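Novice:
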Amino acid sequence: LRGGQLLGGADPIELEYIFRGRDYLHGGNKDKQVKGNASQAKDESTTREWSRSGWHANGDGSIPCPKTNYECDHGFLELRRILPPNCISELVCKAKELAETFKLQDAEETLDNGCSCLKPIRNADDINNNTRKAAFRQDSSDNFLYCPRAVDLHNEDLRHFQWHWSKGEPVIVSNVLECSYGLSWEPLVMWRAFRQITNSKHD
77 LRGGQLLGGA
87 DPIELEYIFR
97 GRDYLHGGNK
107 DKQVKGNASQ
117 AKDESTTREW
127 SRSGWHANGD
137 GSIPCPKTNY
147 ECDHGFLELR
157 RILPPNCISE
167 LVCKAKELAE
177 TFKLQDAEET
187 LDNGCSCLKP
197 IRNADDINNN
207 TRKAAFRQDS
217 SDNFLYCPRA
227 VDLHNEDLRH
237 FQWHWSKGEP
247 VIVSNVLECS
257 YGLSWEPLVM
267 WRAFRQITNS
277 KHD
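Heads up: the sequence shown begins at 77 in the working numbering, then just goes up one per residue.
Shown next as structure tokens:
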């Protein structure tokens, strides 16, 4: 917006808006007498001829609300953020510290930083049971996802899982219910288990 790159430009829709003060916009009481900011109102601003929407920036960086036939100049657009400043850089630093703590970067890497289980597959006979095709890009080595079966996992497979997870690659673990005895998503089975838990609490 400050760079003058506002997209769009359709004909504006005129709405009947009554300005009751900035405090009213944030849940406060409305001001009985609303007065504009004199210092900001004096700032000279030029609206570009191509800016049909009326939004533009002043020389000091402030963005006044669009005027309708130069009738009003109530306030200025305030750009706010929800997250604290530098939150992205702090998140990246925390991720690096976490990776160093668990030594995820020391996991074995092959085939130009690619895992051997996701190597380019030449024919259908080479498809591994631990992979699942997710894309059909030509000349690409990341068309497959690591998809191990829960019943086949061992302790050494945790390092393999960590390598894919540290690269931000999705991992799909199938047949999880086969490792959980008595666990089922069938409605009747879940209802019976719920009734048993409820009755045991009353007892």
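The beta carbon of each residue, even a glycine, is placed where N, CA and C say it ideally should be.
Computed from a predicted model, the values in this text were never measured in an experiment.
Start and end of the alpha helix (DSSP H) containing F237?
Specialist: Looking up residue 237 in the sequence shown gives position 161. It spans D233 to S242 - the alpha helix (DSSP H) in which F237 sits, taken as one unbroken run.
Novice: Going straight from the alpha carbon of I273 to that of C255, what length do you get?
Specialist: Residue numbering aside, residue 273 sits at position 197 when the sequence shown is read from its first letter. Residue numbering aside, residue 255 sits at position 179 when the sequence shown is read from its first letter. If you take the alpha carbons of I273 and C255, they lie about 22 Å apart.
Novice: Per the contact definition of three or more C-beta pairs closer than 8 Å, is the stretch 237–254 in contact with the stretch 220–228?
Specialist: yes
Novice: Is the distance from the Cβ of R96 to the Cβ of K106 below 8 Å?
Specialist: If you number the sequence shown from 1, residue 96 lands on position 20. If you number the sequence shown from 1, residue 106 lands on position 30. Yes.
Novice: Can you tell me whether K108 is helix, strand or coil according to DSSP?
Specialist: Here residue 108 is taken as the residue at index 32 of the sequence shown, counted from 1. K108: coil per DSSP, three-state reduction.
Novice: Measuring straight from C-alpha to C-alpha, what distance separates S260 and N251?
Specialist: Numbered from its first residue, the sequence shown carries residue 260 at position 184. Numbered from its first residue, the sequence shown carries residue 251 at position 175. Whole-angstrom Cα-Cα distance: 12 Å.
Novice: Can you have a look at P160 and say buried or exposed, based on whether 16 or more other CB atoms are within 10 angstroms of its CB?
Specialist: Residue 160 sits at position 84 when you count from the first residue of the sequence shown. So P160 counts as exposed.
Novice: Here's the rule I'm using: 16 or more other beta-carbon atoms within 10 Å means buried, otherwise exposed. How should N206 be labelled?
Specialist: As a working mapping, residue 206 is identified with position 130 in the sequence shown. With 16 or more Cβ atoms within 10 Å of its Cβ, N206 is classed as buried.
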